[in-house]
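Chemist: Residue numbers for the sequence shown follow numbering that gives the first Met the number 0, beginning at 0 and rising by one.
Positions of the beta carbon are idealized from the N, C-alpha and C atoms, including for glycine.
Let me begin by handing over the structure; questions about it come next.
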Amino acid sequence: MAYDYIIAGGGSAACVAATRLVRDHGARVLLIERGPARTARIIKMPAGYMKYLAREDYLEMHQTVPQPQLDGRAPIIPQGRALGGGSAINAMVYMRGQAQDYDAWDAFLGGQSGWSYADLLPHFRSMERNAKYNNEFHGVSGSLWVSDPGYTAEMTDAFVLAAQGQGIAYNPDFNGAQQAGVGLMQHTIGHHERCDAVRAFLSQVQDHENLDIVTGALVTRILVENGTAVGVEYRKDGQMVTARTDGEVLVATGTYNTAKLLMLSGIGAADHLRDHGIDCVSDLPGVGENLQDHHEVPVISTINRPAGYYGEDRGWRMIRNGLQYLAFRSGPVTTTGVEACAFYDPDGGDRPTIQLYCAPIIYLDRDISGYSPTHGVTLTSCLLRPKARGTVRLRSADPEDKPLVDCRFFGHEDDLRLTIKALAFARQVLATEPAASLISGEMLPGAEVTRDEDLHQYSSKMVKTNYHPVGTARMGRDDDPMTVVNKELRVRGIDSLRVIDCSVMPLLPSGNTNAPAMAVADRAVSIIRDSAGQPAELASL
């Protein structure tokens with residue numbers, strides 16, 4: 000069977016695109032996802048994802064190359080691996096970023112590009128079914144449920160008040176008129192269950208005769224004939240399968256694997272491809288460049304009473320919380336465990352450069368010797384717009400091999416400077432009432448660690464991803480040699496091939512990237528149909 004569109008990847012962007020193409024335009028679509036068709040039932044519960052944070056059931060663990068600026072550390076950076084992608088396994092935070100982010104995209108593309116904040120806001124609104132807001136910034140007619148957490152810890156409430164005591168204004172809506180401030184984050188949760196991209200979108204067309212979904216399959220190559228993408232090859236159950244399209248191939252395999260797939264298909268820097276014995280069909284040196292990712296460093300303190308979530312997932316408390324959730328859809332299971340944050344600039348500017356999360360637990364992404372689990376709180380400072388740029392390269396020509404990821408965390412001195420200033424502010428918040436009365440002592444970095452050089456060493460030891468990589472197949476102007484896709488998301492030098500995921504973002508949005516990923520895909524479908532001469536009004540998704 001020949002398809003109108005073949006979508007490589009089955010994450011958030013792919014689910015949005017497939018749904019609109021099938022539902023609104025009657026297209027014949029093949030969607031190919033490397034992970035399983037569904038995740039464990041417990042992950043549908045808002046708190047359930049925490050059981051899988053360090054497991055590979057639904058994650059692909061990318062280990063970066065050793066980082067000289069981190070004293071040789073090679074951080075682990077996961078990427079979702081299931082139908083629904085990151086939305087099926089993430090912490091469900093619904094955050095769009097700042098209007099300036101998208102206006103910067105527009106300026107980068109030369110203006111009037113269709114990628115400004117004003118251009119993207121209708122896409123955000125059309126997808127959204129907000130349980131709290133219905134105004135110029137929010138929609139209520141879409142199928143992506145967005146709501147406040149169903150439960151907040153005492154420590155969360157204390158953090159929100161303490162941050163205000165440090166001069167951060169309360170903000171009830173980070174996706175509204177402005178982002179700066181402190182408050183609760185909204186999440187993609189509906190009726191106290193995860194609302195991932197499968198539930199919100201793909202479920203509308205999952206049984207449609209025009210949609211074929213293949214899971215557990217790895218796309219190994221885009222087929223290019225005479226400069227035109229005509230299909231893909233993928234491996235499933237040890238067998239190679241070829242699928243062809245009469246229309247277009249859409250790539251949405253995630254920032255790391257999108258760059259990898261393009262290069263495996265002969266699209267990338269010719270010298271790099273030649274090193275791996277791959278014939279170059281389009282010499283695009285920008286493929287795999289421009290990698291950006293949010294990264295964070297924590298301040299962790301113990302607390303003097305059960306004001307957070309330590310022990311709530313074990314023993315009798317776990318049974319009690321589970322029964323409360325099943326019977327009443329209430330209690331700690333209705334929250335992701337990370338309910339609040341603050342957006343601010345340590346340098347005192349109006350535009351936030353730090354997202355300070357409050358996790359009412361001791362949150363470490365790996366074992367640290369000498370520390371035992373106990374009641375605690377983690378304030379982790381996420382750098383919103385890092386200046387360093389990393390890369391993605393091929394490890395080999397074998398599609399089964401993971402790509403080489405060079406994250407470059409703290410690869411720019413200003414990234415480290417802001418992080419160290421943010422650690423000082425996090426300490427100030429914890430020393431402010433009502434948080435101060437709950438704190439019994441600082442665990443990390445430790446009260447004695449105060450000098451910048453010591454905080455530098457600590458930050459290098461502790462910095463981790465916030466799971467938001469973008470940029471490795473970035474949009475750009477026609478006169479920019481590093482452009483991979485144009486403003487219509489067409490891959491330079493190849494007809495009938497577009498990229499529609501976070502890898503096209505020229506600049507990292509100032510916030511969690513799942514909502515922007517879906518907006519990019521929704522915008523992509525509008526562009527695709529317009530270019531096909533079939534314009535359509537933006538319908539609620």
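Determine, using beta carbons only, whether residue 90 and residue 335 come nearer to each other than 8 Å.
Modeler: For residue 90 and residue 335, yes; Cβs fall inside 8 Å.
Chemist: Look at the alpha carbon of residue 22 and the alpha carbon of residue 255, and state the distance between them as a whole number of angstroms.
Modeler: Residue 22 and residue 255: Cα-Cα distance of roughly 29 Å.
Chemist: Ordered along the chain, which non-local residues of its own chain (more than five positions away) have a Cβ less than 6 Å from that of residue 469?
Modeler: Answer for residue 469: 254, 291, 501, 504 and 507, listed in chain order.
Chemist: Only counting the same chain, and skipping five residues up and downstream in sequence, which positions put a Cβ closer than 8 Å to that of residue 165?
Modeler: Excluding sequence neighbours, residue 165 sits near 424, 427, 428 and 431.
Chemist: For the beta strand (DSSP E) containing residue 182, name the first residue and the last one.
Modeler: 180 to 183 is the span of the beta strand (DSSP E), which, as asked, contains residue 182.
Chemist: Using CA coordinates, which residue listed in 377, 293, 348 and 297 is at the minimum distance from residue 386?
Modeler: That would be 293, whose Cα lies nearest to the Cα of residue 386.
Chemist: Could you work out which residue in 323, 522 and 289 is closest to residue 481 when comparing CA atoms only?
Modeler: Minimum Cα distance to residue 481 is reached at 289.
Chemist: Here's a check: name, in chain order, each residue in its chain whose Cβ is nearer than 6 Å to the Cβ of residue 32, leaving out the five neighbours to either side.
Modeler: Same-chain partners within the cutoff: 9, 82 and 214.
Chemist: Does any residue of chain D bring its CB to less than 8 Å from the CB of residue 71?
Modeler: No chain D appears in the structure shown, which is made up of a single protein chain.
Chemist: I believe residue 210 touches residue 28 by the beta-carbon criterion, under 8 Å. Please report the beta-carbon distance rounded to the nearest angstrom.
Modeler: Sure, about 5 Å apart at Cβ, within 8 Å.
Chemist: What runs of the alpha helix (DSSP H), each 4 residues or longer, lie entirely inside the stretch 136 to 211?
Modeler: Listed in chain order, they are 153 to 164 and 196 to 199.
Chemist: How far does the beta strand (DSSP E) with residue 250 in it reach, from first residue to last?
Modeler: Run containing residue 250: 238 to 250, per the beta strand (DSSP E) assignment.
Chemist: Work out the CA separation of residue 299 and residue 462 for me, nearest whole Å.
Modeler: Taking the straight line from one Cα to the other gives about 13 Å.
Chemist: Can residue 518 and residue 200 be called in contact, C-beta distance under 8 Å?
Modeler: Cβ distance not < 8 Å, so residue 518 and residue 200 don't count as in contact.
Chemist: Whose C-beta lies closer than 6 Å to the C-beta of residue 282 among residues of the same chain, with five residues either side of it excluded?
Modeler: Cβ neighbours of residue 282 beyond the five flanking positions: 269.
Chemist: Look up residue 628 in the DSSP assignment and say whether it is helix, strand or coil.
Modeler: Summary: the structure shown does not reach residue 628, with the chain confined to residues 0 through 540, and so no result is reported for it.
Chemist: Determine the burial state of residue 439: buried for a count of at least 16 other Cβ atoms within 10 Å of its Cβ, exposed for fewer.
Modeler: With fewer than 16 Cβ atoms within 10 Å of its Cβ, residue 439 is classed as exposed.
Chemist: Can you give me the start and stop residues for the alpha helix (DSSP H) that residue 124 sits inside?
Modeler: Here the alpha helix (DSSP H) through residue 124 covers 116 to 126.
Chemist: Any idea which residues DSSP pairs residue 219 with across the strands?
Modeler: The partner list for residue 219 (beta bridge, DSSP) is empty, contrary to what the question assumes.
Chemist: Do residue 520 and residue 251 have their CB atoms nearer than 8 Å?
Modeler: Closer than 8 Å, so yes.
Chemist: Below 8 Å, can you find three or more Cβ-Cβ pairs linking the stretch 441 to 452 to the stretch 73 to 88?
Modeler: At 8 Å Cβ cutoff, the stretches do not touch.
Chemist: Determine the extent of the alpha helix (DSSP H) in which residue 271 is found, giving its start and end residues.
Modeler: Its alpha helix (DSSP H) spans residues 269 to 274.
Chemist: Could you compute how far the alpha carbon of residue 375 sits from the alpha carbon of residue 131?
Modeler: Cα-Cα distance, rounded: 31 Å.
Chemist: Give me the Cβ distance between residue 248 and residue 511, rounded to the nearest whole Å; I'm assuming they're in contact under 8 Å.
Modeler: Actually they are not in contact, since the Cβ atoms of residue 248 and residue 511 sit about 28 Å apart, beyond 8 Å.
Chemist: Among 258, 476 and 262, which one has its Cα closest to the Cα of residue 105?
Modeler: Answer by Cα proximity: 476.
Chemist: Quick check on residue 461: does DSSP put it in helix, strand or coil?
Modeler: Note: residue 461 maps to helix in three-state DSSP.
Chemist: Report buried or exposed for residue 114, applying the criterion of at least 16 other Cβ atoms within 10 angstroms of its Cβ.
Modeler: Buried, because 16 or more other Cβ atoms sit within 10 Å of the Cβ of residue 114.
Chemist: State the DSSP-derived secondary structure class of residue 408, mapped to helix, strand or coil.
Modeler: Residue 408: coil per DSSP, three-state reduction.
Chemist: Assess, as a yes-or-no matter, whether the stretch 306 to 317 is touched by the stretch 144 to 159 under the definition of 3 or more beta carbon pairs within less than 8 Å.
Modeler: They touch, by the three-pair rule.
Chemist: Return the bridge partner residues of residue 392 from the DSSP annotation.
Modeler: 403, per the DSSP bridge assignment.
Chemist: Taking the beta carbon of residue 371 as the centre, do at least 16 other beta carbons fall within 10 Å, making it buried, or is it exposed?
Modeler: Answer is exposed; the Cβ neighbour count stays below 16.
Chemist: Could you tell me the distance, in whole angstroms, from the CA atom of residue 36 to the CA atom of residue 527?
Modeler: If I take the Cα positions, the gap works out to 27 Å.
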